[in-house]
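Asker: The sequence shown maps to residues 0 to 42 in numbering that gives the first Met the number 0.
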Amino acid sequence: MIEEGKRAPAWTLPNQDGEAVRLTALRGHWVVLYFYPKDDTPG
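1. Consult DSSP for L12 and reduce its assignment to one of helix, strand or coil.
2. Are A7 and I1 closer than 8 Å when you measure CB to CB?
3. In three-state terms, what does DSSP make of A53?
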């Protein structure tokens, strides 16, 4: 878990189009990273 106020580790994740997005490419911008459960999972 990342502690509040600490920098996030470098990561690369796919966007909605499957293209790679690097956290380092967003430096200087506000970033909100949102995770949600897989669609149609119980709970």
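We put the beta carbon where it would ideally sit given N, CA and C, even for glycine.
Answerer: For this structure:
1. For the purposes of this step, residue 12 is taken as the residue at position 13 of the sequence shown. If DSSP states are grouped into helix, strand and coil, L12 belongs with the strands.
2. Here residue 7 is taken as the residue at index 8 of the sequence shown, counted from 1. Here residue 1 is taken as the residue at index 2 of the sequence shown, counted from 1. It is a contact, given that the beta carbons lie within the stated cut-off.
3. Residue 53 cannot be examined here, being either before or after the span of the chain that is shown, 0 to 42.
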